[in-house]
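Visitor: In this text, residue positions in the sequence shown follow the numbering used here: the first is 387, and each later residue adds one.
Each residue gets a CB set at the ideal place from its N, CA and C atoms; glycine is no exception.
These figures come from a predicted structure and were not determined experimentally.
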Amino acid sequence: MTSRVVSPAVPGVRPPRGARPPVQRHPVDLVRVALGLAVLGLGFLIAQRGRLPVFEQNVFQIVNDLPAEVFPVVWVVMQLGNVLAVPVVAAVAALTGRLRMARDMLVSGVLAYLAADEVKQVVQRERPGGFALDANFPEGPVGGLGFISGHSAVAAALATAVVPYLSRRARRTAWALAWTVALARIYVGAHLPLDIVGGLAVGWAIGSLVHWAFGVPRLEVPPDRVARWLEHYGLPVRDVRPAAVQARSSIPFEAVDEQGRRLYVKWLEPDRRERDWLYRLWRLLAVRDVKDADAVAPLGQQAEHEAVAAMIARERGVHVPRVLLARGKDRGAIVVQEYLTARGLDDLPAEELTRELLTAVWRQVALLRAARVAHHDLVASSVLVDGDGRPWVVDFGNALTGASDDALSGDVAELLASLALRTDPGLVVDCAIDTLGPDAVAEALPGLTPMSLTSATRAAVRTDHARLDALRGALRGRLGLPDPDRPEFGPPGLAARLAVAAGSALVLVGVPLLAGATEFFDVVEDGGWRWLGAALALAVLARAANAAAALFTVERRIALGRTYAASLVAESASLLHGSEGWRRSAARFLERAGVLPADARRSTDRFVVSGVVAAILVASGMLVMAVVEDRLGDWQAPEALVPAVALGLAAWALVLTGQWLARRHDTAPGGRRRLPSLLATITRVPAEVPWRWGAQFGWSTVGVVLEGAVLAAAMHAAGGSVPLLATASVYAALHLLWSVLPVTGAPGCAEVTLLLALTALGAPLASACAAALVFRVLVSWIPAVLGWLLTARLEHRFGV
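1) Within a Cβ cutoff of 7 Å, which residues of the same chain sit near residue 1172, ignoring the five residues on either side of it in sequence?
2) For residue 442, I'd like the list of residues in its chain whose CB is within less than 7 Å of its CB, leaving aside the five on either flank, ordered along the chain.
3) Starting from residue 636, trace the alpha helix (DSSP H) both ways and give me its first and last residue.
4) When the distance is taken between beta carbons, is residue 818 closer than 8 Å to residue 802?
5) How about residue 563 and residue 599: do their beta carbons lie closer than 8 Å?
6) DSSP puts residue 720 in a beta bridge; with which residues?
7) By how many angstroms is the C-alpha of residue 952 removed from the C-alpha of residue 1057?
8) Quick one, are the C-beta atoms of residue 778 and residue 726 less than 8 Å apart?
9) What does the alpha-carbon distance come out to for the pair residue 467 and residue 433?
10) Evaluate residue 1167 with the Cβ neighbour count: other Cβ atoms within 10 Å of its Cβ, from every protein chain shown; 16 or more gives buried, anything less gives exposed.
11) Please work out which residues of its chain come closer than 6 Å, Cβ to Cβ, to residue 1141, disregarding the five sequence neighbours upstream and downstream, and give them in chain order.
12) Can you tell me the Cα-Cα spacing of residue 1072 and residue 1048, whole angstroms?
13) In the DSSP assignment, find the beta strand (DSSP E) that holds residue 625 and state where it starts and stops.
14) Count the other C-beta atoms from every protein chain shown that fall within 10 angstroms of the C-beta of residue 584, then say buried if there are 16 or more, exposed otherwise.
15) Just the C-alpha distance for residue 619 and residue 712, rounded to the nearest angstrom, thanks.
16) For residue 550 and chain C, any beta-carbon pair shorter than 8 Å?
17) Can you tell me which of the three DSSP states residue 1177 falls into?
18) Taking residue 511 and residue 531 to be in contact with their CB atoms under 8 Å, please state how far apart those CB atoms are, rounded to whole angstroms.
19) Tell me whether the beta-carbon of residue 759 lies closer than 8 Å to the beta-carbon of residue 799.
20) At the level of alpha carbons, what is the spacing between residue 1177 and residue 877?
21) What span of residues does the beta strand (DSSP E) with residue 729 cover, start to end?
22) What whole-angstrom Cβ distance do residue 766 and residue 811 have, given they're in contact under 8 Å?
23) Please classify residue 1042: is it buried, with 16 or more other beta-carbons within 10 angstroms of its beta-carbon, or exposed?
24) Does the Cβ-Cβ distance between residue 1146 and residue 1120 come in under 8 Å?
25) How long is the line joining the alpha carbons of residue 1111 and residue 1125, rounded to whole angstroms?
26) Per DSSP, which one or two residues make a beta bridge with residue 787?
27) When the distance is taken between beta carbons, is residue 565 closer than 8 Å to residue 612?
28) Since residue 770 sits in a beta bridge, which residues does DSSP pair it with?
29) Could you have a look at residue 1109 and say whether DSSP puts it in helix, strand or coil?
30) Taking just the CA atoms, how far does residue 425 sit from residue 415?
31) For residue 893, collect the residues of the same chain with a Cβ closer than 6 Å to its Cβ; drop the 5 residues on either side in sequence, then sort them by chain order.
32) Roughly how many angstroms separate the alpha carbons of residue 547 and residue 586, rounded to a whole number?
33) I'd like to check one pair, residue 1130 with residue 1123: are the Cβ atoms closer than 8 Å?
34) With the cut-off set at 8 Å, would you say residue 1113 and residue 1003 are in Cβ contact?
35) Hey, out of 730, 1028, 934 and 1161, whose CA is closest to residue 921's CA?
36) With distances taken Cα to Cα, identify the nearest neighbour of residue 783 among 832, 834, 696 and 772.
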């Protein structure tokens, strides 16, 4: 970013906007916490089996059989995982003046030790000496509990805590020591491989949580170091000082060269957030976008990439300050441009953001688009206005040359949102459409959701979300598009809510009582919780597969994370409004993603068709295999047939009554429409892209198979003995029924039909009730409740 004029600091006045905070928090640290806990949960499921997997045994033998000569060195390194080492290393850090690092190490290490001790008490897994292993014990046999390794947890927590304070090479050394401590615990026969993996995951999660709670320091670079670098690269300067400008991924300086020219010097941070692989993965899943595709390249290459993008834009007529130098290495990189005395659009008062100025800004955007240069950070602060009122585009650190249409549309969306937060959204829209044309602006609609925008714009949107809503409304009004924020349903009324709530409560309480409350909760035998954990994981994967299938129903690029969130909201809508509620909620999500209403309705029809075809394929395949292998078992009359049917009919009738009452009060625009014509949708297959239909059917099939696996896992957890193929065949048939006649998948009917089918296959009544209810809770009830609780939040962040 090039410099701008700012007011000097005055006592009693807030510091300049460019002042760098001493610490920063990265939300991606919470992703690390979640991943660490996920690894712990998976290890917990495996450890509770009480058996030692062959693979784990082989890994243990390889490490444990290392030569005895390495024991002295291993023993010394291993002490870094001892909880007594935590205050020692923290004291060393404090004595060297790194008080924040000492605090983080002390808190992380102690918390990791306490967490490891709690996990051991819960899991109660033995150490290697308790298994039939030919183990070596250089220190002698170790008693106590094994999962998780406290040494590994402490070592990983310490390594995670010190990472932000170290150079890249030192970070690799810290993690190498942590892994050495973990492997040393296997070498001395104190822990099994699963124990150390769980310990490392816990330590990583706790260290990341501490970073998120306390923040991590920003990199500080002394001006004399910058001056030495510039002289080394052939650009001697003087008067190097920090520049009071806003910079999120760099450290800005001002300087004067030998000719007396003022320069803007940008020092690239070696550990910017865009280099974090978890951050990049999260952006890819959430919005199918990584703001800087070159961020993982060496710093010198990043500097040259920024310079090339800026020079290309300048050559194509964009107002960009001249680039004088771009060079660097792993420890840092610099980009030098001519100093520009100007103010950012974000510093201008609203009355100065005139139609003439905004039109001139959009002309610069049009030139960028013509050059196929995507800025990828085109916020108001990236556009400066000089004394003559000319806009200049700066800060090409995230830019991409030869960019795609989606990337160029992202720039338009970013600038639309950033400007709308500072002036009249209608004026911003009018200037953009008049300059770029309606098609270019319409393509930016999918990017006008908070998760698609940069962190700076998202932070501003959180304080004034009405501006973003007004922007979308003004844009759609100018383009003549229907408003996706229109009410999808009229007020359902109290009677409708009470009827659905009563039917839901009746089935959730009645199914356990049908088998006897005591028997219902006692059917989960020893180790059954493992199958419950597997069922939960499979349910998450099944919904992800269905979301992937939905991505192929439209040609527009939509992120998996958004679609997953939208499926929760649609599931919630279906509870009160039935299948029509699901369709209209899903169609609204697609409209907000830029799909026209007619195409959105066809997309939901396609999704239904793919589910029906997938259910037919899976049911046919499973049934054939079950018949060939004689795995259908002996069918018998369902146990408790009459009370089960009575319960199901009563609950079903209440739910359907509530949905009927909700439809009576539905006065929302659009009203109800007919059910999709499956035949008409299928006949359109040859006219559309074949591979897209194939991918959609493939993912739908995976979703059906995974949901069948959820039922099988729930059946195992409940101690049922129904053959796997028979269970899968029955579920595929029921899924087909629920897809063709969605009313049969409503609460009451679905649960009772499922438990009657399981009892007909020979499952005890208590096991069938438990399996049916667990299955429905995981694949329907929990998603519906989450969608209901998070609808407003998801609409704000994802635009679903």
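Guide: So, from the listed chains and residues:
1) Mapped onto the sequence shown, residue 1172 falls at position 786. Excluding positions up to five away in sequence, the list reads 954.
2) In the sequence shown, counting from the first residue as 1, residue 442 sits at position 56. Beyond the five residues adjoining it in sequence on each side, residue 442 comes within less than 7 Å, by CB distance, of 578, 579 and 580 in the same chain, given in chain order.
3) Translated into positions along the sequence shown, residue 636 becomes position 250. First-last for residue 636: 636-643, but that is the beta strand (DSSP E), not the alpha helix (DSSP H).
4) The residue given as residue 802 occupies position 416 in the sequence shown. The residue given as residue 818 occupies position 432 in the sequence shown. In this structure, residue 818 lies closer than 8 Å to residue 802 by Cβ.
5) Looking up residue 563 in the sequence shown gives position 177. Looking up residue 599 in the sequence shown gives position 213. Not closer than 8 Å, so no.
6) As a working mapping, residue 720 is identified with position 334 in the sequence shown. Note: residue 720 is bridge-paired with 653 and 713 in the DSSP secondary-structure output.
7) For this step, residue 1057 is matched to residue 671 along the sequence shown. For this step, residue 952 is matched to residue 566 along the sequence shown. Confidence at residue 1057 is low in this model, with a pLDDT of 46, below 50, so its placement is unreliable and no value can be given for it.
8) Taking the first residue of the sequence shown as position 1, residue 778 is located at position 392. Taking the first residue of the sequence shown as position 1, residue 726 is located at position 340. Result yes, Cβ atoms of residue 778 and residue 726 sit closer than 8 Å.
9) The residue labelled residue 467 in the question sits at position 81 within the sequence shown. The residue labelled residue 433 in the question sits at position 47 within the sequence shown. If I take the Cα positions, the gap works out to 22 Å.
10) Taking the first residue of the sequence shown as 1, we reach residue 1167 at position 781. The residue is buried, with at least 16 neighbouring Cβ atoms inside 10 Å.
11) Here the question's residue 1141 lines up with position 755 in the sequence shown. 1154, 1155 and 1158.
12) Counting from one through the sequence shown, the residue named residue 1072 turns up at place 686. Counting from one through the sequence shown, the residue named residue 1048 turns up at place 662. Residue placement at residue 1072 is flagged as unreliable, the pLDDT there being 43, under the threshold of 50; the coordinate-derived value follows with that caveat. Going from the Cα of residue 1072 to the Cα of residue 1048 covers about 39 Å.
13) The sequence position of residue 625 within the sequence shown is 239, counting from 1. First-last of the beta strand (DSSP E) with residue 625: 623-628.
14) Here residue 584 refers to the residue found at position 198 of the sequence shown. Around the Cβ of residue 584, a 10 Å sphere holds 16 or more other Cβ atoms; the residue is buried.
15) For the purposes of this step, residue 619 is taken as the residue at position 233 of the sequence shown. For the purposes of this step, residue 712 is taken as the residue at position 326 of the sequence shown. Rounded to the nearest angstrom, the two C-alpha atoms are 9 Å apart.
16) As a matter of chain content, chain C is missing from the structure shown, which is built from one protein chain.
17) One-based indexing of the sequence shown puts residue 1177 at position 791. Residue state, collapsed to three classes: helix.
18) In the sequence shown, counting from the first residue as 1, residue 511 sits at position 125. In the sequence shown, counting from the first residue as 1, residue 531 sits at position 145. Yes, they are in contact, since the Cβ atoms of residue 511 and residue 531 sit about 6 Å apart, within 8 Å.
19) Residue numbering aside, residue 759 sits at position 373 when the sequence shown is read from its first letter. Residue numbering aside, residue 799 sits at position 413 when the sequence shown is read from its first letter. In this structure, the beta-carbon distance from residue 759 to residue 799 does not fall below 8 Å.
20) Locating residue 1177 in the sequence shown gives position 791, counting from the first residue. Locating residue 877 in the sequence shown gives position 491, counting from the first residue. When rounded, the distance between both Cα atoms is 16 Å.
21) Translated into positions along the sequence shown, residue 729 becomes position 343. Its beta strand (DSSP E) spans residues 728-730.
22) Stepping through the sequence shown from its first residue, residue 766 is reached at position 380. Stepping through the sequence shown from its first residue, residue 811 is reached at position 425. Actually they are not in contact, since the Cβ atoms of residue 766 and residue 811 sit about 13 Å apart, beyond 8 Å.
23) Here residue 1042 refers to the residue found at position 656 when the sequence shown is read from its first residue. Residue 1042 should be labelled buried.
24) Numbered from 1 along the sequence shown, position 760 holds the residue referred to as residue 1146. Numbered from 1 along the sequence shown, position 734 holds the residue referred to as residue 1120. No. Outside cutoff.
25) The sequence position of residue 1111 within the sequence shown is 725, counting from 1. The sequence position of residue 1125 within the sequence shown is 739, counting from 1. If you take the alpha carbons of residue 1111 and residue 1125, they lie about 21 Å apart.
26) Here residue 787 refers to the residue found at position 401 of the sequence shown. Per DSSP, 759.
27) For this step, residue 612 is matched to residue 226 along the sequence shown. For this step, residue 565 is matched to residue 179 along the sequence shown. Contact: no.
28) Residue 770 sits at position 384 when you count from the first residue of the sequence shown. BP columns for residue 770 point to 730 and 778.
29) As a first step, residue 1109 is located in the sequence shown; it is residue number 723 there, counting from the start. Coil, per DSSP.
30) The residue you call residue 415 lines up with position 29 of the sequence shown. The residue you call residue 425 lines up with position 39 of the sequence shown. Spanning the two alpha carbons is a distance of roughly 15 Å.
31) By one-based count along the sequence shown, residue 893 stands at place 507. These residues qualify, in order along the chain: 1037, 1133, 1134 and 1137.
32) If you number the sequence shown from 1, residue 547 lands on position 161. If you number the sequence shown from 1, residue 586 lands on position 200. For residue 547 and residue 586, the distance between alpha carbons rounds to 13 Å.
33) Your numbering for residue 1123 matches position 737 in the sequence shown. Your numbering for residue 1130 matches position 744 in the sequence shown. Residue 1130 sits close to residue 1123, with the two beta carbons spaced by under 8 Å.
34) Within the sequence shown, numbered from 1, the residue matching residue 1113 stands at position 727. Within the sequence shown, numbered from 1, the residue matching residue 1003 stands at position 617. Going by C-beta atoms, residue 1113 is not nearer than 8 Å to residue 1003.
35) By 1-based counting over the sequence shown, the position of residue 921 is 535. With distances taken between Cα atoms, residue 921 lies closest to 1161.
36) Locating residue 783 in the sequence shown gives position 397, counting from the first residue. Closest in C-alpha terms to residue 783, from the list 832, 834, 696 and 772, comes 696.
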